[in-house]
Every structure is written in structure tokens, then in C-alpha cells.
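Enquirer:
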Amino acid sequence: MSRVLEGQKRNFLFIVMLGVILILAILLVWNLMGNKGETKNSVEGAVAASSSSAPSDGGQPSSTSSSSATGRGDHKCDVPVAPDKAFSAELPSDYRFETTTRGVIYPISAQYGPTYKPGVVGYCFAHNPTGAALAASQGSTIAGDTRATEAELRGLYSSRIAADLQYAPDYNAERVHARIAGYDIENYSPEKATIGIVVLTKDSEGKNTGFKILMTVVWEDNDWKVDNNNAENATPLTKEPTYIFKAQGGSQNS
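Residue numbers (the UniProt record's numbering): 1 to 254.
(1) At 3 residues or longer, and completely inside the region 78-141: list those beta strand (DSSP E) runs for me, N to C.
(2) Excluding the five sequence neighbours on either side, which residues of its own chain have a C-beta within less than 6 Å of the C-beta of Ala-126, listed in chain order?
(3) Considering only their Cβ atoms, is the gap separating Ile-195 from Glu-186 smaller than 8 Å?
(4) Assuming the contact rule is C-beta atoms closer than 8 Å, Thr-141 and Thr-100 should be a hit. Round their C-beta distance to whole Å, please.
(5) Spatial neighbours of Val-121 within its chain, please: C-beta separation below 6 Å, excluding the five flanking residues on both sides.
(6) To the nearest angstrom, how far is the alpha carbon of Ile-105 from that of Leu-214?
(7) In whole angstroms, what is the alpha-carbon distance linking Ser-189 and Pro-169?
(8) Using the Cβ count rule (16 or more neighbours within 10 Å means buried), how would you classify Met-129?
(9) Nearest-angstrom Cα distance between Asn-172 and Gly-144?
(10) Sort Lys-192, Phe-245, Ala-162 and Ile-108 by Cα distance to Val-198 and report the nearest one.
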């Protein structure tokens, strides 16, 4: 009888161990699948958060609001640029960062722009490659800020894009961990520029993923205006950008 009981006991333990192993295997597969999804979602979320065709992203509640902001209005832009800086793409020495309600961090400069910011969206950028890059940086992110009004966003875009702007903020969109890390001047003329904006995203495990968004800006009404939809042109990052923003800000902020 004792041998029979021992045999039953061994069979029971074997079944329990088999069940535990099966559960662990399922959890492992689930975790691996989930991590891949998180990495993909972090990139897709950042691209969505920086969509410049229409404001359709939300984020965390903010204590500030621009519900009454009407954009640039009649303000005249006149950002001084030294003659020897007319074609300069150098990093501003005074750059610092702003964060959208979606969690995307982007650079601004008191010298190169935006020099006029009545609400959430800034206007008036320097008429050189650096100013174009800063305008493109803001333009690639600010549409996802739920504090921005329709009037503000219309002033951000060229007349061609603004005419078809669809204002539909999504207050339930997930927050992302992303920042503008740098830029490349892909093409520049005083009338039009193409800027490669480099974005870094971070997943739940702290792993960084980089990609580049090509932004087109045009010179209208004495300011750089966004002239393209960046929602579908993100490409994986293959090399460091020519100009890199340090996380602590410019030299004057160090």
C-alpha cells in the first residue's frame, strides 16, 4: 500500500511541476511579445505625437492653458540675423527645452526663435538655417499639444496647409517619452528648407530608439511656416545628426 501511495504522490508532484513549467513558458512568450510591441508602439506613438497635418494627440493635464490664444495675430516678426550668419546652421548657444502635453521635448532659442510666444505655439524664427531647424523642430511636435488652439496652429503652417487644417485634439492619447535630439539641413534656400529632425524615443525598459522626420518649411509673412505632413515619413536613424542638442541645454544654460 505504501508503494502505491508513493507512486501516486510522485505522479501528483510531476503534474504540478509540469503545470508550473507550462505557466512559466506562457509568461515568457507573453513578455517577449509585449516588449516587441512596446518598442514598436514607442516609435509609432512619437510619430503620432509629432504629426503636423492636424492636431490629433493628447497627454497629461497641464496647469497652463491657451484656450483663448489667437495665435500670432498682427504681430510683426523681425528677428535680427547678422550678415555672417545668413546661411549658418549652427546650434544656438542659448537653446533650452519645452515639453508638449504628449511628452515630446523640443528646443527653443531666445535668439533664433521662437521670439514671440503668446500662448503654446511660438512664432518668429530667424531667417537662416538655424531658424528653419528650430521652426521645423517645433512644427514636428507642437500639433500634439492639446493646449494649442486651432487659431494658434493655423499660424504655424503655410497658407497651403492651413487652409485644409483639421482640428481634432485627442485628449485620451497615451503619453510618450521622446525628445528632439538634433537636426540635419537636407536642403536650404532663403525661401524654402528641408530639415531632417532626429527624434529619440525611450521604451519602458529605458532603451532608446532613434528615427528621422523630414520637415519642409517655407518663408511666408517674415517667418518659417511648416509646409508638409510628417506623419508618414519617419525613417530609422542610421547615423548621428550633424547638429546635436545636449539634454542639459545650450552652453549658456550649462
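Glycine included, every Cβ here is placed at the ideal spot set by N, Cα and C.
Expert: So, to answer that:
(1) 96-99 and 104-108
(2) Val-79, Val-81, Tyr-112 and Gly-113
(3) yes
(4) 6 Å
(5) Ile-142, Ala-148, Glu-152 and Leu-156
(6) 17 Å
(7) 33 Å
(8) For clarity, residue 129 is Pro in the given sequence; the question names Met instead. Burial call: buried.
(9) 12 Å
(10) Phe-245
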